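Residue numbers (the working numbering), protein chains in the order written: chain A, 193 to 546; chain B, 193 to 546; chain C, 193 to 546; chain D, 193 to 546; chain E, 193 to 546. Cβ atoms here follow ideal geometry from the backbone N, Cα and C, with glycine treated the same way. Owing to the predicted nature of the structure, the values given are computational and were not obtained by experimental measurement. Notes follow the structure.
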Amino acid sequence: MVKLFRKTSKKPGLPPGTLVHIGEKKVEEVKISMIDYDETLIQERDVASIEECLRFKEKPTVTWVNVTGIHDVTVIEEFGKAFNIHPLLLEDIVHSDQRPKLEDYDDYLFIVLRMLRYDETKEELQSEQVSLILGPNFVISFQEREGDVFDPVRARIRNGKGKVRKMGCDYLTYALIDSIVDNYFLVLEKYGEKIEILQEKVLSHPTPDTLQVIHATKRDMIFLRKSVWPLREAINALQRGESALISDNVIIYLRDVYDHTIQVIDTIETFRDMISGTLDVYLSSVSNKMNEVMKVLTIIATIFMPMTFIAGIYGMNFKYMPELEWHWAYPVIWAVIIVLGVLMLMGFKRKKWL
Amino acid sequence: MVKLFRKTSKKPGLPPGTLVHIGEKKVEEVKISMIDYDETLIQERDVASIEECLRFKEKPTVTWVNVTGIHDVTVIEEFGKAFNIHPLLLEDIVHSDQRPKLEDYDDYLFIVLRMLRYDETKEELQSEQVSLILGPNFVISFQEREGDVFDPVRARIRNGKGKVRKMGCDYLTYALIDSIVDNYFLVLEKYGEKIEILQEKVLSHPTPDTLQVIHATKRDMIFLRKSVWPLREAINALQRGESALISDNVIIYLRDVYDHTIQVIDTIETFRDMISGTLDVYLSSVSNKMNEVMKVLTIIATIFMPMTFIAGIYGMNFKYMPELEWHWAYPVIWAVIIVLGVLMLMGFKRKKWL
Amino acid sequence: MVKLFRKTSKKPGLPPGTLVHIGEKKVEEVKISMIDYDETLIQERDVASIEECLRFKEKPTVTWVNVTGIHDVTVIEEFGKAFNIHPLLLEDIVHSDQRPKLEDYDDYLFIVLRMLRYDETKEELQSEQVSLILGPNFVISFQEREGDVFDPVRARIRNGKGKVRKMGCDYLTYALIDSIVDNYFLVLEKYGEKIEILQEKVLSHPTPDTLQVIHATKRDMIFLRKSVWPLREAINALQRGESALISDNVIIYLRDVYDHTIQVIDTIETFRDMISGTLDVYLSSVSNKMNEVMKVLTIIATIFMPMTFIAGIYGMNFKYMPELEWHWAYPVIWAVIIVLGVLMLMGFKRKKWL
Amino acid sequence: MVKLFRKTSKKPGLPPGTLVHIGEKKVEEVKISMIDYDETLIQERDVASIEECLRFKEKPTVTWVNVTGIHDVTVIEEFGKAFNIHPLLLEDIVHSDQRPKLEDYDDYLFIVLRMLRYDETKEELQSEQVSLILGPNFVISFQEREGDVFDPVRARIRNGKGKVRKMGCDYLTYALIDSIVDNYFLVLEKYGEKIEILQEKVLSHPTPDTLQVIHATKRDMIFLRKSVWPLREAINALQRGESALISDNVIIYLRDVYDHTIQVIDTIETFRDMISGTLDVYLSSVSNKMNEVMKVLTIIATIFMPMTFIAGIYGMNFKYMPELEWHWAYPVIWAVIIVLGVLMLMGFKRKKWL
Amino acid sequence: MVKLFRKTSKKPGLPPGTLVHIGEKKVEEVKISMIDYDETLIQERDVASIEECLRFKEKPTVTWVNVTGIHDVTVIEEFGKAFNIHPLLLEDIVHSDQRPKLEDYDDYLFIVLRMLRYDETKEELQSEQVSLILGPNFVISFQEREGDVFDPVRARIRNGKGKVRKMGCDYLTYALIDSIVDNYFLVLEKYGEKIEILQEKVLSHPTPDTLQVIHATKRDMIFLRKSVWPLREAINALQRGESALISDNVIIYLRDVYDHTIQVIDTIETFRDMISGTLDVYLSSVSNKMNEVMKVLTIIATIFMPMTFIAGIYGMNFKYMPELEWHWAYPVIWAVIIVLGVLMLMGFKRKKWL
């Protein structure tokens, strides 16, 4: 179960731009890797110090610096100085509970999104903040932990497959966003399966546990929605192409990824509808059961109470009870009792209680 | 029951424009047919290779190419090359889970909609993606399976009935959209009947099965809504006439079909209201029944418990119980018991429990 | 109960502008009447053939042609030819399930609204489509059945009361719309009374039938809302005065009728709130009753079960039960039983169950 | 309880501008009073005929005519003629069920609002329509019954306290609106107290009557909301200062009263939330009680049924029942029964039912 | 528990700008302190009379006057005169139930916000109104009680840490707003913990008290929402930089605090969702318990009623009951009874009631 709310350890009142990491520390050491490419050349390396990146900064080639681990604020600060990045932006990078957004700092664009993963062993949704800085000829990405959804992009850069090598930093940024959004579909698919299983369970044998799972899934949907709704707006703003950093021929691709976010939102809303439908079915099946229980009780009581009463009558010790002396009284009473029971069962049948 | 969510088999991270078919394969072989017409001439044929179409592409006549089956991506790719279509658009064609939309690629318009059919034998809603490309003098339509709602349009083209032969590709596109939207009314009519039957059932003899059908119908409405809401916006965009491909005298027709989509949405919303009304009636009829069961139980218990208690009293074995010796005690007790029972029944009558 | 959904008999796929009547046939024969007037003269007649109207068409006087019955499409078609009306507009006239709307065809305005009537004998809402065409010096109105709310307008024209004779076609159109909207208040008044009766019933003696009426009234409100919401927008568009057919001094009147539609919508929303309040009261009164039933059951069981148990004890046949021999045992047991019963009743009193 | 819906006695179809009073007649005779003032002079009188007012109409001093009682349409008509007021406006004055609104008739502004009063003896909300006409140097106010919230304004005019004597008609209009809106806070305060009492009651001893009061308060909130929402828009329009009748230095005051209406709406929404919270608490306390009742029943039945069964066993009359002869059987049975009872009570304790 | 509604003691109808304190008196004496600084110098003092401040008013240094206690309207009035502040603004300062807002008085900006504190000993949310006036070279802040969240800002001014000493009044205003908004996160964190505890409690052992806490938390969320929603708009207006008092390089900081308010709102909405989820879980756990109770009752009744009936039969005193004489009758009856009981238990097992 994903946490809908994350504790902040930040002391309020610090001057703006003070870097304090907020969130779990998800990786031991900060790792920086770099890919520098244009249509003809490609260079890939792990970076030890930020100075190594700097000389690529001014080169016309596309330079993609990927930083894994954001808990070490000194590294982030160095980046800030090296690439001349606004302190408020750096603050947003290390506060890992940002909502997705786009901010235009004229010289560079800042994009925050959430990378999602469904951990099948723990059956839980994992979420990580990805921050992208798109400069004139560099892209810097920050992520919280190792392992990401960017491998296919790396592969395309290495093989020169697709258009990525022929285009600029804006296309790379698009490709990164696209692979994150594409991954949402995978996550949604898991939930689609989960909900289908829930729907079957709720019809066949609903238990209070089913209810728990329904509520947990509902919460996950709230989280997903919170992650994707603002993203949609951010990508829409990108797509409008108001920044000089986005070239015209990339806009059509951004429109495509915008379309995907709408589809993701659509699916989330559908899932929410389906879950609340499942909840309704659960609740009515519980109330049906209750009804059934009540019917059993009523049938039993209605049949045996009169019969017990009759038995009680002839258990009285009055001196003068003529029936007690009659020879066939006992079998007659049995007959009466049986007829009574049968009549009642028939009544219940007619009332459709049986 | 229509699937609200469709599994995607696409691997995320592929370069944009990579064609991977998403959805069920609904037809064995791709079938391409072509109608080429102007006011005087008409030519109709099945097409084996795309080259056959190409020479019609530049002719001023209206050329309508209809492709049935979208699972074979090589065919779609050939189309892309032949008609110079953007790869992202081709991707959308083969991903059969698009939401309805309009995209303006300057040289051509791309329209996606859903064609619906109500299969009466299986009692389920069937849905299929139709993609339309409107070029300067050609219209290409892609559909997932054989059988469509375009036959009346074909008939009108063949007979020259109506305006279709006198007008251009934009009118043909309108006619195709219109026949799809018109068909929604047929589907809605089926649901209208279904809901009316539900409403009667829920009043006469509601069962848990009725509840199932109510929930299933509710889900179908969610699906329908998801199919039509975005269509409305797409047609509205078309109707605004911002594209040079749409001539002024077609706009009035598009306004008409726009009006129809609003009417469809209206009806869907009404159906949703009706279904949730039906659900409310179901739930209160269930709780009424529960009430009735409880009343029966309470009446039985209230009548027989005191009576059984009296019988119990005179079943006691005390040595000194004067009543036991009285001669008329037994009939008197019977009288007491009967009077008690009648009084109670009268009490229940007054409380309107009977 | 008004039908929220009307079956369509139209075959989808017909060319646009094909006239097929949709809806019930509410009148046997089409009846056409005409009033032609200016400030000084007035002429009124029943019209046998449309040609009769034609010579008034070009006259500067105001010509109001009223057509009762829309099932005969040939008559509508003739009108179309005579007054040069777009086929799509004619189609809308004969499809009697339009939502209210305004369409501007430059040479004339087309307005669709619903005329409502509350049939007190059948206790149901009746609805009929009225189509108005406002041309430069003629107004044509189409209605589905005989009897309308226009008689006061006719009277004002005949007597020359009010401004109607001094003003043009736009004022006449306003007067017709106004009398339809005014009539909504009458219909709403009926519902106001109905809801007040429901509110009393639900407090005094709610029955499942009350619930039925609540749900039916709720449905009628959905229908009313569907009829008035789009009307508001249509009148708002009229009132903005964008058409040359609406003169400036009529706009202030249209603003007034616009105001009335807002008031109607307001009242409908209030009624919806009131009905759902009534439903809430009903449901809690049902659950209160259930509670009462349960309490009766529990009180009876709690009092008689221990007492019956005591009687059972002394009904046992053990050889050595000293109490059985005691002289005062029987009256003592009675005393015990009575004290027990009184104590329990007091306990229930304290728990406020009695 | 305020009526959410008022019966209209107006016959639909009358020519627009026909004055027919709608609403209760709340005062016997129409009373007209007048205050005429500028910074130096003040003149106050009761007016018998409208002609008296007329000569003040053109004077540059501020003339405030206050009319109490709107049922006498001839008086209103005379006003219309004397001050040259549009008939539609007059119609709105006498239809006392208007929603608050602002209408700009160029030469004068027309403002409708609702004056509210909470009658503490009858414990009900009373509402009255106030219509204001702001002309170049006169203000006319119409109210339905005697007694209003304008006394402080009158006092300020008489004493020359505040700015009112130094400013024009627009400031007077502001002052009147302001005193009406200020009074809303008093009304809301009453409701605030009422809701707090409800909240306590619902926790301590909720009864079906509490539910009635909750529903009635909910209805009053609906009414209040209906009265204030449109007022907010009207004041916003005033405040935008588009009319030449509103001078710039009054706009800042109108902004202030606009702010107050927002605060009123805010409070109403909060009250609605609080009431529905109270309703939720009520419903769960009812269901808690039901639970408690059920538990008592179950505990009683579970304890006494087995015990009665045991007593029943030894009440059987079989010839060969060895236990009956045993000497200690009776006390042993008592011990068994008591142990059984204690065990069951402990079981219930563990299940937290006791 | 925070009060959602505060009683107003203001008499309606007073002239606008009349200062009457509304709200509790939270501090005995008004305390005024002042900090005057620029990049090089800093001067800090407690102020006895307002005249002391006045000579700083025109100095180009930044002057921050902080007033604690707003119940003494004469002090506020003096401020008004000294700093030439509009009376309506002063009225807003002393009415401590303002909703957050920004008002532009050209020469100065007026900002109202709520400072929140979570009192852990009383477990309640405390709220206080803070009013800020931003003039060309002074900032005046009014707060209701001693103790605030501004200490870190004061510290930064004293130490010259951060940018505060290098920038103007607009930055100081930003810093004050920022420290208030930052503090919201602390408050939200407390609620986050509270809600998590609630979620666990509701699963492990829900009691009616839990329900109370859920409802109280829900109310607090309504209050928080009411405090933050309008703030968002106010900061948005500030951030748009329309006032000359806000310099361009402060706007980026305001955008940041705007972002924070959105995050706060987001979290509040999430909390609302979580609370209503918790409520749902509570309600279903209550209904599950009810079900369990009913099952126990039904099982007990179903097992013992038939058994008691059998015992009743053989307790009858008929003369001719052959079974009574049989030697093995008694053990056989026991066997029958036990088999019956076991069969029923098995039946319940199969129905999954056990």
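The stretch 331 to 347 of chain A / the stretch 312 to 321 of chain A touching (three or more Cβ pairs under 8 Å): Judged by Cβ distances under 8 Å, the stretch 331 to 347 of chain A makes contact with the stretch 312 to 321 of chain A, as three or more pairs qualify.
N-terminal and C-terminal residue of the beta strand (DSSP E) that arginine 309 of chain B is part of: On the second sequence, position 117 is the one that residue 309 of chain B refers to. Unbroken beta strand (DSSP E) run through arginine 309 of chain B: 301 to 311.
Straight-line gap, methionine 513 of chain A to glycine 539 of chain E (C-alpha atoms, nearest Å): As a position in the first sequence, residue 513 of chain A is number 321, starting the count at 1. As a position in the fifth sequence, residue 539 of chain E is number 347, starting the count at 1. Between methionine 513 of chain A and glycine 539 of chain E, the alpha-carbon positions lie close to 40 Å from each other.
Min CB distance histidine 452 of chain C to chain B below 8 Å: Along the third sequence, one-based indexing puts residue 452 of chain C at 260. So, not an interface residue.
Own chain, CB closer than 6 Å to glutamate 515 of chain E, minus 5 neighbours either side, in chain order: On the fifth sequence, position 323 is the one that residue 515 of chain E refers to. Correct list, in chain order: Ala521.
Alpha helix (DSSP H) runs wholly inside the stretch 455 to 487 of chain A, at least 4 long, in chain order: Not a single unbroken stretch of the alpha helix (DSSP H) spanning 4 or more residues falls wholly within the stretch 455 to 487 of chain A.
Contact list for arginine 411 of chain C against chain B, beta-carbon separation under 9 Å: The residue labelled residue 411 of chain C in the question sits at position 219 within the third sequence. Contact of arginine 411 of chain C with chain B by beta-carbon distance below 9 Å involves Asp465, Met466 and Gly469.
Identified DSSP bridge partners for glutamine 235 of chain C: Walking along the third sequence from the start, residue 235 of chain C turns up at place 43. Beta-bridge partners assigned by DSSP to glutamine 235 of chain C: C:Asp228.
CB contact below 8 Å: phenylalanine 496 of chain B versus chain A: Here residue 496 of chain B refers to the residue found at position 304 of the second sequence. Taking Cβ atoms only, chain A reaches closer than 8 Å to phenylalanine 496 of chain B, which makes this a yes.
Cutoff 8 Å: asparagine 568 of chain B Cβ touching any chain C Cβ: A query on residue 568 of chain B cannot be resolved here, the shown segment of chain B reaching from 193 to 546 and no further.
is_contact[lysine 481 of chain B, chain A] using C-beta, thresh 8 Å: As a working mapping, residue 481 of chain B is identified with position 289 in the second sequence. Yes, because at least one Cβ of chain A sits closer than 8 Å to the Cβ of lysine 481 of chain B.
Lysine 541 of chain D versus threonine 409 of chain E: straight-line alpha-carbon distance, rounded: Along the fourth sequence, one-based indexing puts residue 541 of chain D at 349. Along the fifth sequence, one-based indexing puts residue 409 of chain E at 217. In a straight line, the C-alpha of lysine 541 of chain D is about 31 Å away from that of threonine 409 of chain E.
Interface flag, glycine 504 of chain D vs chain C, CB-CB below 8 Å: Residue mapping note: residue 504 of chain D aligns to position 312 of the fourth sequence, counting from 1. Nearest CB-CB separation between glycine 504 of chain D and chain C: below the 8 Å threshold.
Other residues of its chain near valine 331 of chain C: CB distance less than 8 Å, five sequence neighbours each side excluded: For this step, residue 331 of chain C is matched to residue 139 along the third sequence. Within the same chain, valine 331 of chain C has close Cβ partners Val254, Thr255, Trp256, Val257, Leu324, Ile325, Cys361, Leu364, Thr365 and Leu368.
Check whether arginine 348 of chain D and glycine 354 of chain D have beta carbons under 8 Å apart: As a first step, residue 348 of chain D is located in the fourth sequence; it is residue number 156 there, counting from the start. As a first step, residue 354 of chain D is located in the fourth sequence; it is residue number 162 there, counting from the start. Yes, these two residues count as a Cβ contact at 8 Å.
First and last residue of the uninterrupted beta strand (DSSP E) at tryptophan 256 of chain D: Taking the fourth sequence and counting its residues from 1, one reaches residue 256 of chain D at position 64. Segment 254 to 260, the beta strand (DSSP E) holding tryptophan 256 of chain D.
Pairwise C-alpha distance: glycine 384 of chain A and isoleucine 505 of chain E: As a position in the fifth sequence, residue 505 of chain E is number 313, starting the count at 1. As a position in the first sequence, residue 384 of chain A is number 192, starting the count at 1. For isoleucine 505 of chain E and glycine 384 of chain A, the gap between their C-alpha atoms comes out near 60 Å.
Backbone secondary structure at glutamate 269 of chain C - three-state DSSP: Within the third sequence, residue 269 of chain C is the residue found at index 77, counting from 1. Looking at glutamate 269 of chain C - three-state DSSP - the assignment turns out to be helix.
Neighbouring residues, chain A, relative to aspartate 382 of chain E (Cβ below 8 Å): What you label residue 382 of chain E is simply residue 190 of the fifth sequence in a count that begins at 1. At residue 382 of chain E the sequence reads lysine, which differs from the aspartate that was named. By Cβ distance, chain A contributes nothing, its closest Cβ being about 10 Å from lysine 382 of chain E, past 8 Å.
Contact with chain E by alanine 493 of chain A, beta-carbon distance below 8 Å: Mapped onto the first sequence, residue 493 of chain A falls at position 301. The beta-carbon of alanine 493 of chain A is placed less than 8 Å from the nearest beta-carbon of chain E.
Residue interval of the alpha helix (DSSP H) (run including valine 356 of chain B): Counting from 1 along the second sequence, the entry for residue 356 of chain B is found at position 164. Element bounds for valine 356 of chain B: n/a, residue is neither H nor E.
Nearest-angstrom Cβ-Cβ length linking tyrosine 474 of chain A and isoleucine 406 of chain A, presumed shorter than 8 Å: Locating residue 474 of chain A in the first sequence gives position 282, counting from the first residue. Locating residue 406 of chain A in the first sequence gives position 214, counting from the first residue. 6 Å between Cβ atoms; contact.
Spatial distance of leucine 535 of chain D from proline 498 of chain C (CA atoms): Taking the fourth sequence and counting its residues from 1, one reaches residue 535 of chain D at position 343. Taking the third sequence and counting its residues from 1, one reaches residue 498 of chain C at position 306. Rounded to the nearest angstrom, the two C-alpha atoms are 17 Å apart.
Span separating the alpha-carbon of leucine 308 of chain A from that of arginine 417 of chain A: Residue 308 of chain A sits at position 116 when you count from the first residue of the first sequence. Residue 417 of chain A sits at position 225 when you count from the first residue of the first sequence. Looking at the backbone, the Cα of leucine 308 of chain A and that of arginine 417 of chain A are separated by about 12 Å.
With 16 other Cβ atoms within 10 Å as the buried cut-off, status of aspartate 340 of chain E: As a first step, residue 340 of chain E must be located in the fifth sequence, where it is residue number 148. Counting C-beta atoms within 10 angstroms of its own C-beta, aspartate 340 of chain E has 16 or more neighbours from the protein chains shown and is therefore classed as buried.
One or two residues paired with isoleucine 325 of chain D in a DSSP bridge: Stepping through the fourth sequence from its first residue, residue 325 of chain D is reached at position 133. Beta-bridge partners of isoleucine 325 of chain D (DSSP): D:Phe302 and D:Ile332.
At least 3 beta-carbon pairs within less than 8 Å: the stretch 465 to 485 of chain C vs the stretch 373 to 392 of chain C: Enough Cβ pairs lie closer than 8 Å, so yes.
Arginine 357 of chain D versus D:Val222, D:Gln235 and D:Phe496, residue with shortest Cα-Cα distance: Against the fourth sequence, residue 357 of chain D aligns to sequence position 165. Of the candidates D:Val222, D:Gln235 and D:Phe496, the one whose C-alpha sits nearest the C-alpha of arginine 357 of chain D is D:Gln235.
Given 8 Å, three or more beta-carbon pairs between the stretch 297 to 315 of chain C and the stretch 220 to 240 of chain C: Judged by pairs of C-beta atoms under 8 Å, the stretch 297 to 315 of chain C does not touch the stretch 220 to 240 of chain C, as fewer than three such pairs exist.
Within chain B, the residues that valine 142 of chain A reaches when beta carbons sit closer than 7 Å: Only positions 193 to 546 of chain A appear in this structure, which leaves residue 142 of chain A out of reach.
8 Å Cβ shell around serine 477 of chain E - same chain, five flanking residues per side excluded: By one-based count along the fifth sequence, residue 477 of chain E stands at place 285. Result list for serine 477 of chain E: Val394, Leu395 and Pro398, in chain order.
Simplified DSSP state of leucine 167 of chain B, which is helix, strand or coil: Given a span of 193 to 546 for chain B in the structure shown, any question on residue 167 of chain B remains unanswerable.
Proximity of lysine 249 of chain B and phenylalanine 275 of chain B at Cβ, strictly below 8 Å: Looking up residue 249 of chain B in the second sequence gives position 57. Looking up residue 275 of chain B in the second sequence gives position 83. A contact, by the Cβ cut-off of 8 Å.
Distance CB(lysine 481 of chain D)-CB(asparagine 509 of chain C) smaller than 8 Å: Position 289 of the fourth sequence, counted from the start, is the residue given in the question as residue 481 of chain D. Position 317 of the third sequence, counted from the start, is the residue given in the question as residue 509 of chain C. Between lysine 481 of chain D and asparagine 509 of chain C, the CB-CB gap reaches or exceeds 8 Å.
Partner residues on chain D for methionine 486 of chain E, Cβ-Cβ distance less than 9 Å: To locate residue 486 of chain E, count along the fifth sequence from 1; it is residue 294. Those are Met486 and Thr490, listed as they occur along chain D.
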